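Below is one structure, written out as structure tokens; the observations come after it.
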Amino acid sequence: MLDGNSLGTYLRNRRTRLDPGSLGIAAGRRRTTGLRREEVAQRANISATWYTWLEQGRGGSPSADVLDRIGRALMLTAVEREHLFLVGLGRPPEVRYQAPDTITPRLQRLLDVLTYSPAVLRTARWDVVAWNRAAALVLTDYGLLPPDQRNILRMIFSHAPIGASMDAEQSDWNSLARFAVASFRIDAARAGADAEIAPLVAELCGSSPAFASMWHDQDVRAPGHDVKHLRHPRIGSIALEYSAFAVDARPDLSLIVFNPATSADQDRVRSLVDNA
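In the working numbering, the protein residues as written are 291 to 566.
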């Protein structure tokens with residue numbers, strides 16, 4: 291059972307931290323710091339009486355729309371908004387997909403420190419938006435591709451090989467491609483990106499009967515870990531264990547790290563990176 295007192299305490303805490311002057315509200319004579327309850331209610335376009343009851347733990351369970359408006363009124367960050375929904379409704383808010391404009395230097399440094407492990411950042415559309423030197427040498431030099439061609443699904447279902455090719459029999463390729471499509475579907479759903487992937491899905495359904503068949507099967511798989519077999523033009527066949535990780539506070543991004551599966555694979559990758 292949800293605790294209305296927890297919601298009320300959190301609302302009071304956030305309200306008293308706001309500076310009226312920074313919001314264009316005349317400070318005047320105030321007995322307490324922050325905004326008044328009626329000012330928050332006005333900004334959220336809800337009843338001042340009901341907002342007061344919410345702070346007092348007796349306003350009942352607010353709707354997601356009301357919590358969303360209160361969150362904007364209190365200028366909550368993404369993490370604070372999530373906590374508001376957890377204490378108010380017992381669940382996180384629905385995800386709002388936002389395509390990344392830029393990748394922070396901190397994330398790029400994280401990629402770069404993985405000297406002998408190819409690593410990329412991909413969006414919920416499976417567009418590769420950042421990569422390290424090992425990824426450029428072992429997988430694909432994404433920097434040489436137009437941004438709209440840095441899409442993993444386009445590469446999988448393209449007839450033109452780009453960089454290292456998948457070293458697998460057709461049955462294995464079908465299994466790997468089906469896993470990719472099923473993982474892509476749930477990635478997009480989790481990020482709330484159904485509308486954003488629609489043009490890509492339509493394109494691939496039109497250009498690849500294999501993708502169209504797999505997509506219409508409606509399979510879903512949790513992105514996680516597996517082994518990728520590649521045939522590299524310089525170092526031959528290699529196996530890479532890959533793992534997918536969520537990026538904290540960025541539901542639009544996933545970190546994919548590829549580690550050489552055996553000591554022989556590690557030696558080949560290390561030689562390629564050191565002598566490039």
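Every residue, glycine too, gets a C-beta built ideally from N, C-alpha and C. Just so we're clear, the structure is a prediction, and the values are computed from it rather than from any experiment.
query: Given that a residue counts as buried once 16 or more other Cβ atoms are within 10 Å of its Cβ, and exposed if not, what is G298?; result: buried
query: Within 10 angstroms of the Cβ of N441, are there 16 or more other Cβ atoms? Answer buried if so, exposed if not.; result: buried
query: In the DSSP assignment, find the unbroken alpha helix (DSSP H) run with Y432 in it and report its ends.; result: No alpha helix (DSSP H) holds Y432; DSSP gives it neither H nor E.
query: Taking the C-alpha atoms as reference points, what is the distance between M291 and W343?; result: Reliability fails at M291, whose pLDDT of 40 lies under 50, so the model's placement of it is uncertain and the value that follows must be treated cautiously. Cα to Cα, the separation comes out at about 18 Å.
query: Tell me whether N335 sits in a helix, a strand or coil according to DSSP, three-state version.; result: coil
query: In chain order, what are the residue ranges of uninterrupted beta strand (DSSP E) at least 3 long that sit wholly in the region 345 to 425?; result: 409 to 413, 418 to 421
query: So what does DSSP say about A534, is it helix, strand or coil?; result: strand
query: Beta-carbon within less than 8 Å of D509's beta-carbon, same chain only, minus the 5 sequence neighbours each way: which residues are those?; result: R468, V471, A472, R475
query: Whole beta strand (DSSP E) runs in the region 496 to 565 with 3 or more residues, listed along the chain?; result: 515 to 522, 526 to 537, 540 to 550
query: How is E459 classed by DSSP in three states: helix, strand or coil?; result: Below a pLDDT of 50, predicted positions are generally treated as unreliable, and E459, at 49, falls in that range; the measurement from the model is reported next regardless. Coil.
query: Which term fits R415, buried or exposed, when burial requires 16 or more other beta carbons within 10 angstroms of its beta carbon?; result: buried
query: Would you kindly work out how many angstroms separate the C-alpha atoms of G378 and L301, rounded to a whole number?; result: 10 Å
query: Exposed or buried, which one is S465 when buried takes at least 16 other CB atoms within 10 Å?; result: exposed
query: Using only CA atoms, which one of A566, I546, A425, A554 lies nearest to L411?; result: I546
query: Taking only the alpha-carbon atoms, compute the straight-line gap between V249 and E531 and give it to the nearest angstrom.; result: With the chain running from 291 to 566 in the structure shown, residue 249 is simply not present.
query: Mind reading off the beta-carbon distance from Y406 to V563? Whole number of angstroms is fine, and I expect it under 8 Å.; result: 6 Å
query: Looking only at its chain, what residues have a beta carbon closer than 6 Å to the beta carbon of E372, apart from the 5 residues adjacent to it on each side?; result: P382
query: As a quick exercise: from R480, V418, P395, A316, pick the residue whose alpha carbon is nearest that of E384.; result: R480
query: Since I believe F501 is in contact with F447 (beta carbons under 8 Å), could you give me their beta-carbon distance rounded to a whole number of angstroms?; result: 5 Å
query: Assuming G361 and L374 form a contact by the criterion Cβ under 8 Å, report the distance between their Cβ atoms to the nearest whole angstrom.; result: 5 Å
query: Taking the straight line between their C-alpha atoms, what separation do you get for D557 and V419?; result: 28 Å
query: Spatial neighbours of A512 within its chain, please: C-beta separation below 8 Å, excluding the five flanking residues on both sides.; result: S473, I476
query: Using CA coordinates, which residue listed in F535, D542, N565 is at the minimum distance from L401?; result: F535
query: Per DSSP, what kind of secondary structure is L466 in: helix, strand or coil?; result: helix
query: Roughly how many whole angstroms lie between the Cα atoms of N295 and L543?; result: 35 Å
query: What's the C-alpha gap between L443 and W421?; result: 17 Å
query: Would you mind stating whether H515 and S527 have Cβ atoms separated by less than 8 Å?; result: no
query: Rounded to the nearest angstrom, what separates P550 and I315 at their Cα positions?; result: 59 Å
query: Measure the alpha-carbon distance for A338 versus V369 and round it to whole angstroms.; result: 25 Å
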